[in-house]
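Here's the structure, in C-alpha cells; my notes come after.
Number of protein chains: 4
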Amino acid sequence: MSGASSQPPRPRSGNRRDEAARLAVLHAADDLLAEHGFSALTIEAIARRAGVAKQTIYRWWPSKVEILLDTLIEDSRKRLPVPADNPTADSIRGYVHDFARFLGDDPAGKVLLALIAQAQHDPGTAESFHQRYLAPRRDQERDMLAHGAEDGQISPRLDPDATIDALLGPIVYRALTGSSVPGSLVDTLVDDLLRPRPN
Amino acid sequence: MSGASSQPPRPRSGNRRDEAARLAVLHAADDLLAEHGFSALTIEAIARRAGVAKQTIYRWWPSKVEILLDTLIEDSRKRLPVPADNPTADSIRGYVHDFARFLGDDPAGKVLLALIAQAQHDPGTAESFHQRYLAPRRDQERDMLAHGAEDGQISPRLDPDATIDALLGPIVYRALTGSSVPGSLVDTLVDDLLRPRPN
Amino acid sequence: MSGASSQPPRPRSGNRRDEAARLAVLHAADDLLAEHGFSALTIEAIARRAGVAKQTIYRWWPSKVEILLDTLIEDSRKRLPVPADNPTADSIRGYVHDFARFLGDDPAGKVLLALIAQAQHDPGTAESFHQRYLAPRRDQERDMLAHGAEDGQISPRLDPDATIDALLGPIVYRALTGSSVPGSLVDTLVDDLLRPRPN
Amino acid sequence: MSGASSQPPRPRSGNRRDEAARLAVLHAADDLLAEHGFSALTIEAIARRAGVAKQTIYRWWPSKVEILLDTLIEDSRKRLPVPADNPTADSIRGYVHDFARFLGDDPAGKVLLALIAQAQHDPGTAESFHQRYLAPRRDQERDMLAHGAEDGQISPRLDPDATIDALLGPIVYRALTGSSVPGSLVDTLVDDLLRPRPN
DNA sequence: AGCTAATCGAGACGGTACGTCGCGTCTTACG
DNA sequence: CGTAAGACGCGACGTACCGTCTCGATTAGCT
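Set out below in C-alpha cells:
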C-alpha cells in the first residue's frame, strides 16, 4: 500500500507547469534568432512556432529577453564551462580560445551578442543580463584567475576584472563588428596579460 | 531685410531642402536617444519632437539608423579626431584615452553604442555602420599606427587591425557592460601593445 | 465521528453536490450583475467572488445565462407570483402593477432585462429563456386571464397573448429605455384592454 | 448647369477621410450582424470583412455600437420616416404598421433590437443610443402626435410619451421575444390610444 | 509674370505586434 | 466522486508604430 515508493515518474501536465511547452518556447526562440535574426524574434512568432499560446509565454517569462537568457545560461553552462578545479595555464588559455569559438561559431554565441546588444537599448535587459549572466560568470572567472595565480600557473599584470575585460573585450568587439578572431590574437593576449613583464 | 514682413512666424522652405528641418531631425533624434533611450527613438517620435512631417524624414533618410549615423559621423569628426599628422607616442596614447572618454561621457558615445547594438539586430544597420563609420575610421587608425611605426614612435606587436581591436575592444566591452574604464587600464594596454617585447 | 473537529475552517464537500457552492455561485452572479453590470459578469469573476473553482461552475451550468435563469426563476416565483386562484379584476390589475415594480425596482428585474437583452445576442439564450422562463409564465398569465374572463371579472378585447403583450410590452419597453412607469399608465392600459368597448 | 459642372468627381483618398473605407465598415458591420449575429460582430471581424485596418475603425468610431448606430440612423431615416407634414389619422396608423414591419422584416430592425439589447449591458451604449437615436426620433414622434391632435385627426387619451410607449412597446416586446405582430393588434392599439373614450 | 517642380506639415491608410482578459477544457491533489 | 486550484490553446481587445500615400500651401527657377 505505501505502494510506489518515493517518486513515481509522472508524465504530468494540467495543473503543473507544462515542461514540453517550456522547452518548445526555448527552442522556438533559439531557432528564430538563428534563422531570421533578432528582429523576427517576436512573442507572437515564438508562440506560433512553439505551438503555444501567447499567454503561456507571458505567464512564465516577463519578456523575450528572459527567454533568451534562459537558453544562454543553459547553453553556456554546457558548452562554455569556466575551468574550476586547479586551473592550469593551459586550461585558462583554452577557456579564452573556447570563448572565441563560442562567440564565433556556436549559435548560442549569437544569443549572447543579441543580449549584449539589447542591453544597450533597454535598461531592464541590462539589469537582468548582468544579474543572471554576466555577474555569476564573472565570479567564476575571477575564481579561475585567483586559483591559477595561487598555484603559480599565471601571474596577471592587472587586477582580475581588468584582466578579464582585456582578454575578452577584443574577442567580443571583433564578434560585434563581424570579424573573426585568429588564434594568434588570443595567444598574444593571454601571453601579455597573464604573465608578468619579464624585465 | 526687404522681405519677411507679412508672415511673422514660419518662413516655409519652398523648393530646396529645408536645412532647419534637417537639423531639427538630427537634434530630435539625439535628444530622444539621450533622454528616453533607443526604444523611444521611433520615427513618429522624432517627427513629433522635430515638428516635422514623417514624410520629410522618409524623404531624406532610409531609416532611423542613418539619422544616428549622420549625427555620430559629425560628432566623431569634431570631438574624437584621429591623430593624423606625425602622430607621436603620446598623441596615440591620448587618442585611446579620448576614445574611452568619448564612450563613457559624451552623449555621442551613447549613439555609438546604440549603433553597435542595432547592428547585431539588423544586417542593414551592420552594413551601413561598417561602410559609413567603422571602415573609414579604421582606415584613419591604421594610418595613425603606420605613421607612428615609421617614425619609430611605436612598435606594435600585432598586425594593425588586431592592435586596434586589442586596444579598443576592452574599452568598448566595458562601456557595453556599463563599467567605467580606468586610465591605468588604458595605459597598460597601450604599453603592452605598442611596444615590442623587451626580451 | 472522525468528526468535523480537526479541520477548523472548511468542511469540504465530499461526494455529493455542494449546496453551499451552488448558492455561492447564484449569489455571486446576482451581486456582480447588480454591482458592475452584465459586462462584468464573467465566469471567472463569478468563480472568484464565489470562492469556487471554474470547473465547479461548468459542471453544473452550461453558461452564465443559465445561472441567471436559475436566480430569476426563483426570484420571480417568490416576488412576482401570477394570481392563480379565482383572480379578480383587482388582483389582475395588481399583478400588472407588481410587474412594473418588479422591473423598475427589484434587483431581479435587472436580471430579467439582462436576459431579454442577451437573448437578442445569442440564439441559445433565446431558446433557454423561452423554454424555462417566458413560456411557463405565459401559461400562467393566460390561465389568469381565462379564469378572470370565465368569472366575468374581465372582458379582454384581444386574444390572450396579444392582451398580455399589450399590457406588459409598454412596461418592458419603458424599463429597457430607462424610463419609469407611472401607475396611471398601467391603469389606463388595464382599463383599455381588459374591458370591452362600452359602445 | 445644374449638371456635373461644379465638382469634378474625384476618387480621392489620402489626407482626407476615405469614404470607401467608411462605407465598407458600415456594410461589413451590417452584414456580419445579419449573417452571424451580434456575438460575431467583433472589431476584428468587421475590419477583416471590410478589408480595412483595425486602426481605421478605432480612428472614427469609439465602439462597434457607434457603427451600428450610424447604420441604424441612416436606415431609419430612409426606410422608417416619421410622418411630418400634416399627419393624418391614416398616416399615423401607417407609421405604426411600418414600425412593426421594420422591426420584423427589415435587417435594420435587427440592428435596432441589438442596440436596445446592448444598451442593457453597457451604460455607454445606453447613453449614446438615447442621445443619437431614441431622443431625436421621439421628438419627431411627439411632433407627429401634436400636429395630428391640432388638426383634429387624433385625440390621444394619454400624454404623448405614454402614448408612443403604449403603441410601440408591445411591438418591440413581441420582436424581442421572437413573435410576429399581427396587423389587427396594431389597429386595436391605434384605435384605443388615439381616440377618446366614446362615453 | 506665370508656370512648373519640388518641399513641407499634416495625417489617413493597411498592416503587425504588443500585453491583457476571458473563454472552455484539461489535469492534479485533496477530502 | 466533487471540489479548489490553475495551466493550457485560443481569440479579441484597444494601442503604438511601421512605411506608403495623398492633400493643399509654399517657394524657387525656368521659360
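Chains as they are written, first to last, in full-length UniProt numbering: chain A, 1 to 199; chain E, 1 to 199; chain Z, 1 to 199; chain G, 1 to 199.
Beta carbons: idealized from backbone N, C-alpha and C, even for Gly.
Close beta carbons around A:Leu69, own chain, < 8 Å, minus the five adjacent residues each side
Leu115, Ser128, Phe129, Arg132, Tyr133
Cutoff 6 Å; reference Z:Ala166; Cβ partners in own chain excluding five residues on either side
Leu193
Between the region 109-120 of chain Z and chain G, which residues of the former have CB atoms less than 8 Å from a CB of the latter, in chain order?
Leu113, Ala114, Ile116, Ala117, Gln118, Ala119, Gln120
Quick check on DSSP: helix, strand or coil for G:Ala53?
coil
Cβ-Cβ separation, Z:Glu141 to Z:Val82 (assumed contact under 8 Å), whole Å
6 Å
With 16 as the cutoff for other CB atoms within 10 Å, does E:Arg174 come out buried or exposed?
buried
What would DSSP say about Z:Ile43, mapped onto helix, strand or coil?
helix
Which whole-angstrom value is the C-beta distance of G:Tyr158 and Z:Leu176, which I expect to be below 8 Å?
For the record, residue 158 of chain G in the displayed sequence is Leu; it is not Tyr. G:Leu158 to Z:Leu176, Cβ: 19 Å. No contact.
Start and end residues, alpha helix (DSSP H) containing E:Gly148:
135-150
Going by DSSP in three states, A:Ile154 sits in which element: helix, strand or coil?
coil
Could you give the distance in angstroms between the alpha-carbon of G:Lys64 and the alpha-carbon of Z:Pro123?
20 Å
Given this structure, state the Cα-to-Cα distance separating G:Arg17 from E:Glu44, to the nearest angstrom.
20 Å
What do you get for A:Arg93, buried or exposed, if any count of 16 or more other CB atoms within 10 angstroms of its CB means buried?
buried
Return the chain-ordered list of same chain residues with a C-beta closer than 8 Å to the C-beta of Z:Thr125, the five sequence neighbours on each side being excluded.
Ser63, Val65, Leu115, Gln118, Ala119
If you draw a straight line from the alpha carbon of E:Ala4 to that of G:Gln55, how long is it in whole angstroms?
For E:Ala4, the predicted structure reports a pLDDT of 38, less than 50, and the residue's modelled location is therefore unreliable. The matter cannot be settled from this model.
Taking only beta-carbon positions, decide if Z:Tyr133 is within less than 8 Å of chain G.
no
Members of the UniProt domain "HTH tetR-type" (19-79) of chain Z that neighbour chain G once the beta carbon cut-off is set at 8 Å
Gly37, Phe38, Ser39
Kindly indicate which three-state DSSP category A:Pro83 falls into: helix, strand or coil?
coil
Span separating the alpha-carbon of Z:Ile154 from that of G:His97
28 Å
Show which residues of chain G have a CB atom less than 7 Å away from the CB atom of Z:Leu176.
Ile116, Gln120
Rounded to whole angstroms, what's the CA-CA distance from Z:Ala24 to Z:Gly51? Just pull it up for me.
8 Å
Whole-angstrom distance between A:Lys78 and Z:Glu35, CA atom to CA atom
56 Å
Got a sec? Which residues, its chain only, sit under 8 Å from E:Val190 by beta carbon, not counting five neighbours each side?
Ile92, Arg93, Val96, Leu167
From the DSSP output, in three-state form, read off G:Pro182 for me.
coil
Spatially closest choice to E:Asp85 from E:Thr188, E:Gly169, E:Ala146, by CA coordinates
E:Ala146
Let's see if you can read the secondary structure: which residues bound the alpha helix (DSSP H) around A:Phe99?
89-105
Identify the contact partners of G:Val82 in chain Z, using a Cβ-Cβ distance below 9 Å as the criterion.
By Cβ distance, chain Z contributes nothing, its closest Cβ being about 17 Å from G:Val82, past 9 Å.
Using 8 Å as the limit for Cβ to Cβ distance, is A:Pro136 near chain E?
no
Give the secondary structure of A:Arg77 by DSSP, where H, G and I count as helix, E and B as strand, and everything else as coil.
helix
Contact set between E:Asp139 and chain A, taken where Cβ atoms lie within less than 7 Å:
Under the 7 Å cutoff, chain A gives no residues; its nearest Cβ is about 14 Å from E:Asp139.
Please state whether the Cβ-Cβ distance between E:Val172 and A:Gly169 is less than 8 Å.
yes
Rounded Cβ spacing between G:Leu113 and G:Phe99 (contact assumed at less than 8 Å):
Wrong, their Cβ atoms sit about 13 Å apart, outside the cutoff.
Which residues, in order along the region 182-194 of chain G, keep a beta-carbon less than 7 Å from a beta-carbon of chain Z?
Leu185, Thr188, Leu189, Asp192
Name the chain A residues that come within less than 7 Å of E:Asp165, Cβ to Cβ?
Pro170, Tyr173, Arg174
How would you write the range of the alpha helix (DSSP H) that A:Thr125 sits in, first residue to last?
123-129
First and last residue of the alpha helix (DSSP H) that includes G:Thr177?
Unbroken run through G:Thr177: none, as it is neither H nor E.
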